[in-house]
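Scroll down for the structure; my scribbles are underneath it.
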Amino acid sequence: LRPSTNKSATGEIQPFYCSRVFTYSPGDRFACTVMNYADPNGKVPLVKIVIKGHNAWRGEHPIAKGAYNLDYIADEAYEVTPLHQGFAAVANRFPGTGLNAWEVNVMQDVTGKAFPLFSLVEGQTYVDYDLIYIYNDMLFNGSKNVDGRAFDKPENRPTNLQIPLVRQQ
């Protein structure tokens, strides 16, 4: 459960129900698979997002000794696969340059393309300005901003840690 930029008719921030799997590889490479769900129990999948690229370490972060500013640079892939007709229908209301019509179970790579639904701009590489802290095989990333702002600018980098992901061998 994470805050999002989506708001209800009354202005309340709507939750973003998701699961995430991070893989880190030599050469400061990463892959992150995000599954977004319509419900808090993860029974109705909406979209699968696979982001691949490089990490750039930007120095220590003051939240904890051993925490670092880390940029996730999506310069290899930003793959989006609708898993629900409702998501595909919404995505088709916001057409992007160089993209086909969205269909359920059909992946499109939006790397460097305009995809307004995700605020991606043509010709730009998406960067997630995050923080990272590892403690006893637990990975803490930055906690989403309570107002739902994405980590799409250095000034939006998180200032708190979220619940950790546990390392799987």
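844 is the number of the first residue of the sequence shown in the numbering used here; add one for each residue after it.
Think of the CB as a built atom: it goes at the ideal place given N, C-alpha and C, for glycine as much as any other residue.
Residue i to residue j, Cα distance in whole Å?
i, j, result
"S962", "M981", "30 Å"
"V890", "W900", "29 Å"
"V970", "N999", "12 Å"
"Y880", "C861", "6 Å"
"A910", "Y972", "14 Å"
"N984", "G885", "21 Å"
"N943", "G929", "17 Å"
"A931", "K908", "43 Å"
"W945", "Y921", "15 Å"
"K987", "I975", "13 Å"
"P883", "V877", "15 Å"
"T1002", "V989", "11 Å"
"K996", "Y915", "12 Å"
Check residue i in the structure and name its three-state DSSP category.
i, result
"P888", "strand"
"P997", "helix"
"A881", "coil"
"T1002", "coil"
"R1010", "coil"
"P869", "coil"
"S862", "strand"
Would you grab the beta carbon distance between residue i and residue j for me? Rounded to a whole angstrom, and I think it's under 8 Å.
i, j, result
"A957", "V964", "6 Å"
"G955", "G939", "Between G939 and G955 the Cβ distance is about 11 Å, and since that is not below 8 Å, they are no contact."
"D871", "N898", "4 Å"
"Q951", "V933", "Actually they are not in contact, since the Cβ atoms of Q951 and V933 sit about 15 Å apart, beyond 8 Å."
message: Report the start-end ranges of each beta strand (DSSP E) in the stretch 892–924 that is 3 residues or longer and not cut off at the edges.
response: none
message: Which complete alpha helix (DSSP H) runs does the stretch 923–990 hold, if anything under 4 residues is left out?
response: 928–935
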